[in-house]
Structure formats: C-alpha cells, structure tokens
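One structure below.
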Amino acid sequence: MDKMNRVSRAPAERPSAGKSNKIDRRTFLARGAGIAAAGLAATVAKAEDAPPAVPKWMQEQGAPLNGYGQRSKFEEPVKRYVGQPYGAIAPGSGVARSPIQEFEGTITPSSLHFERSHNGVPAIDPAQHRLMIHGLVRKPLVFTMQALRRYPMTSRTCFIECGGNSNPNTLNLKPPQVPAGAIHGLVSCSEWTGVPLAMLLNEAGIEAGADWILAEGADPVAMSHSIPLEKALDDTMVALYQNGERLRPEQGYPVRLLVPGWLGNSNVKWLRRIKVTQGPTHAKDETSKYTDPTPDGKARQFTFVMGVKSVITHPSSGMKMQGAGWYEISGIAWSGAGKINKVEVSVDGGAGWRDAVLQEPVFSRSVTRFRIPWEWNGQPALLQSRAIDEKGRVQPTRAAWLPQYMPQQRYHNNSIQTWAVAADGSISNVFA
Ligand SMILES: Nc1nc2c(c(=O)[nH]1)N[C@H]1C(S)=C(S)[C@@H](COP(=O)(O)O)O[C@H]1N2
Ligand SMILES: [Mo]
530 MDKMNRVSRA PAERPSAGKS NKIDRRTFLA RGAGIAAAGL AATVAKAEDA PPAVPKWMQE
590 QGAPLNGYGQ RSKFEEPVKR YVGQPYGAIA PGSGVARSPI QEFEGTITPS SLHFERSHNG
650 VPAIDPAQHR LMIHGLVRKP LVFTMQALRR YPMTSRTCFI ECGGNSNPNT LNLKPPQVPA
710 GAIHGLVSCS EWTGVPLAML LNEAGIEAGA DWILAEGADP VAMSHSIPLE KALDDTMVAL
770 YQNGERLRPE QGYPVRLLVP GWLGNSNVKW LRRIKVTQGP THAKDETSKY TDPTPDGKAR
830 QFTFVMGVKS VITHPSSGMK MQGAGWYEIS GIAWSGAGKI NKVEVSVDGG AGWRDAVLQE
890 PVFSRSVTRF RIPWEWNGQP ALLQSRAIDE KGRVQPTRAA WLPQYMPQQR YHNNSIQTWA
950 VAADGSISNV FA
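For the sequence shown, the working numbering begins at 530 and goes up steadily by one.
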C-alpha cells in the first residue's frame with residue numbers, strides 16, 4: 530500500500546508496545562522533522578537505496594510530443610469500478626464508481642469521474658444538438674451549442690453525488706470487503722464552467738404561476754427530472770466544460786445541467802429540453818426511483834439536498850498498514866447544504882474525537898480534503914470520520930441513520946464509515 534509508505538518508509542522511532550493509539554498534531558509535526566532527518570541518513574546507509582546507476586530512460590530519447598495526454602502506464606490499474614446490473618441486456622445501464630482511495634486533493638480527474646447512466650452514453654454530434662427552453666415562458670428559445678458558448682460563463686468547483694452512493698453498505702447484510710471507492714465512489718468533484726441557467730430563463734421570460742422546471746436528457750431513456758424554479762434561478766448552471774475542457778461524453782457532452790449540492794439525478798446530462806412548469810412533472814425517473822420509503826409505509830419524494838458526509842480514504846479497506854508508527858489519516862468530506870466546517874476523526878470507534886485539518890480553500894458544496902496524523906501502536910483500531918457543515922448538520926452514525934427508512938432503502942446513506950485496523954495491519958469494512 531504505497532500511500533502508507535509515505536509515512537512508514539523511514540520511521541525514526543518505533544513506539545514502544547502498549548502506547549495508546551493517539552492522534553496528536555503537535556507531536557507529529559515535531560517528530561516529522563526527526564523522521565525526515567533520520568530518513569535521509571538511512572537512505573545513504575542502505576545499499577538498495579543508494580543513488581541508482583544512470584537508468585535506461587536517461588540513455589535513450591524520450592517519447593515524442595503528442596496531441597493529447599495519457600497517464601503513465603504504471604498507473605493503468607487505477608480504474609473505475611463498473612457495475613452493470615442488467616449485464617449484456619443493457620450494458621450502458623448502471624454505475625462506474627470512482628476509485629476515491631487512490632486520489633489525493635479534491636478534484637476528480639475527468640477520466641475517473643464516476644458515471645451513473647440509466648441507458649448508456651449517447652453519441653451526440655454537437656453540431657446537431659439543440660437545447661430548447663419552453664413551457665410557461667413568454668418566448669420559447671432554441672440554442673445551438675455555438676450560440677450557448679457566446680453567453681457569459683461562470684465556473685465553480687462542486688461535487689456531484691448519486692443518491693445511491695454508499696448503498697453497498699445498506700443493501701448487504703454483511704459489510705462488503707471492497708475498496709472505499711467500490712462503496713463510496715458515486716461522488717466526484719470537478720471545476721464546472723457554463724452559463725447560469727437563470728440567464729437563459731430570464732431571456733425566455735418566466736410566466737406568472739411557474740414554480741418548477743423539467744429538465745430532459747437526449748439519451749435513449751430521455752432521463753428527466755423536476756427541479757424547483759427557485760433552485761433553477763439560484764446557482765444552477767448549464768455546464769459545457771469540466772476541469773477546463775469540454776465535458777466528457779460520460780458526463781453529458783455537449784451540455785448538462787449542474788445543480789450544485791443536489792441529488793445526482795437532477796443533474797441531467799445530454800440536456801436537450803427545459804420546460805417551465807407549474808408543479809413538478811413526476812417523470813418516471815423521479816417516481817420509480819430516487820424516492821425514500823419510510824417505516825410508516827410512506828415514501829419521501831424529492832430529497833434534493835445531499836447530506837453532510839465524509840469518508841476516510843486512507844488508510845481504508847483492503848490496504849495494509851506497514852507496521853506501528855506514524856501515519857496520516859486522510860479523507861474527503863462534502864455537504865449539499867454548503868461548506869464543510871469541521872471533520873472529526875476517531876481511532877477508537879467513536880469514543881474520542883480529534884479535529885482534522887481541512888485543506889484550504891474550502892468551497893461551498895464541494896469536496897473538502899481533511900488530514901490528521903496518527904501514531905498507530907500496532908493494536909486493533911476503529912477509524913471513523915464525522916463531518917459537520919456550516920449549517921450545523923452533523924454526519925449521523927449508522928445506528929442513527931438506518932431506522933429513518935424501510936430496510937433496504939437504497940438512497941442517501943450519509944452515515945459514518947468505520948474501517949477496522951487489525952493487529953496484523955489489515956484493514957476491513959465493519960458496521961459499527
Ligand atoms: N440524461 C441523463 N442524465 C442523467 C442520468 C442519466 O442516466 N441520463 N443519470 C443521473 C444520475 S442518477 C446521476 S447520479 C448523475 C451522474 O452524473 P455523472 O455520470 O456525470 O457522474 O447524472 C444524472 N443525469
Ligand atoms: Mo444517481
């Protein structure tokens with residue numbers, strides 16, 4: 530597990546057995562300097578770490594210049610986790626989860642952004658694609674992609690999270706022993722650029738009485754979602770760019786709706802139509818799915834704002850600790866309601882908590898990176914993180930989250946994840 534090696538490769542001092550599992554930033558920083566100094570000394574002393582002979586890649590010409598970048602072939606095993614519940618009948622229906630445990634920082638590379646598609650990625654020719662705005666408007670409008678790109682644009686960094694994220698932890702009776710991304714990888718974070726939807730709606734002229742919109746995609750299922758007009762006029766964006774380049778086909782090329790912080794499904798991809806309506810449309814995609822059955826036999830519809838949530842990405846399940854000593858616990862936190870205010874980390878299953886350091890800048894409705902040093906004493910430990918957002922919402926425990934819904938309810942599991950570290954250094958997913 531190479532992430533751990535960052536810290537464990539050159540341990541200056543091994544803690545004596547019986548020391549408590551403690552996280553202490555000051556001690557870590559003080560010792561960190563010691564580790565670095567001692568680490569250097571160890572490097573020259575060990576033959577395997579001696580300066581290498583001039584390697585072969587310094588003795589031959591480098592690869593030629595090329596028009597579009599590729600990652601190192603050594604990174605090729607890092608891939609999305611593809612799930613196709615209908616197999617060959619509908620290979621484009623399902624999810625591809627982001628390998629979040631392989632990432633650092635906050636931005637998801639476009640090539641590894643999660644994908645949730647109801648029936649495949651349409652092969653859209655941008656020259657033929659149109660966006661129509663109609664319904665309760667004074668002047669219906671049809672935009673070519675070229676016309677859309679002439680409007681003033683805005684950029685924002687924000688996450689998209691599928692309502693079904695983390696449901697492997699809900700639908701399985703036993704905790705699945707898979708990497709963090711295969712459980713929690715239906716969240717990704719990009720810098721999105723496009724035209725504020727309010728600008729286009731105002732140009733069309735909203736009629737009195739209108740209070741919702743319907744957004745429809747140009748995929749074979751014409752995936753559609755209703756959104757309250759208030760949100761459509763607030764920070765909703767008609768996005769054309771993702772991390773500086775045009776959208777990936779999987780993310781909705783050539784144009785998608787971005788509804789910051791709200792249910793993934795409302796971020797309609799391959800956007801072709803916005804109808805201004807009175808009341809929601811109750812499209813098939815928002816009634817047959819993405820409703821939340823509660824224990825009283827009713828169901829909640831339109832759970833839009835994604836909950837406050839966090840997960841430790843390393844150390845995490847499937848990784849292996851490299852012996853006792855100092856490690857950095859690191860992970861991601863996000864909230865659909867605004868900024869992350871605080872992330873607390875526990876190494877004893879929630880008995881004690883310490884504040885992690887949040888990586889600046891912290892953006893609203895965006896992924897925030899947290900980090901905290903931890904001295905592992907080689908004994909079993911239970912790692913947890915708990916996020917709190919600027920609205921004061923606190924990420925719930927699994928025990929508090931579960932009873933709000935019918936058993937097997939698929940959506941909005943934002944409960945605290947527990948990773949169990951065993952004495953042999955192996956790390957597993959546990960329900961606690
Ligand atoms: N047209 C269309 N839009 C869509 C979908 C779809 O299948 N078709 N999937 C939705 C769902 S359920 C989610 S979670 C997000 C996923 O966005 P991404 O695939 O770019 O990560 O897109 C939403 N928009
Ligand atoms: Mo979704």
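Ideal placement from N, C-alpha and C gives every residue a C-beta, glycine not left out.
Check: residue i C-beta below 7 Å from any heavy atom of ligand 2
i, result
"residue 793", "yes"
"residue 691", "yes"
"residue 785", "no"
"residue 777", "no"
"residue 645", "yes"
6 Å Cβ shell around residue i - same chain, five flanking residues per side excluded
i, result
"residue 667", "734"
"residue 649", "621"
"residue 959", "704, 947, 949"
"residue 779", "644, 650"
"residue 930", "944"
Residue i, DSSP secondary structure in three states
i, result
"residue 755", "strand"
"residue 942", "coil"
"residue 920", "coil"
"residue 853", "coil"
"residue 779", "helix"
"residue 815", "helix"
"residue 562", "Unreliable placement is indicated for residue 562, whose pLDDT of 42 sits below 50; the coordinate value is still reported in the next sentence. In the structure shown, residue 562 sits in a helix (DSSP, three-state: H, G or I)."
"residue 951", "coil"
"residue 578", "helix"
"residue 595", "coil"
"residue 729", "helix"
"residue 967", "Missing from the structure shown is residue 967; the chain here goes from 530 to 961 and no further."
"residue 905", "strand"
"residue 931", "helix"
"residue 586", "helix"
heavy atom of ligand 1 below 7 Å from residue i C-beta
i, result
"residue 703", "no"
"residue 799", "yes"
"residue 752", "yes"
"residue 780", "yes"
"residue 713", "no"
"residue 821", "no"
"residue 642", "yes"
"residue 717", "yes"
"residue 612", "no"
"residue 877", "no"
"residue 796", "yes"
"residue 654", "no"
"residue 748", "yes"
Chain-order list of residues whose beta-carbon lies under 7 Å from that of residue i (same chain, five-residue window excluded)
i, result
"residue 788", "756, 760, 765, 795, 796"
"residue 592", "none"
"residue 871", "884, 917"
#### Entry: alpha helix (DSSP H) runs contained entirely in the region 612 to 690, provided each spans 4 or more residues
Within the region 612 to 690, the complete alpha helix (DSSP H) runs of at least 4 residues are 674 to 677.
### Message
Threshold first: 4 residues or longer. Then list the alpha helix (DSSP H) segments lying entirely within the region 827 to 852, N to C.
### Response
Whole alpha helix (DSSP H) segments, 4+ residues: zero.
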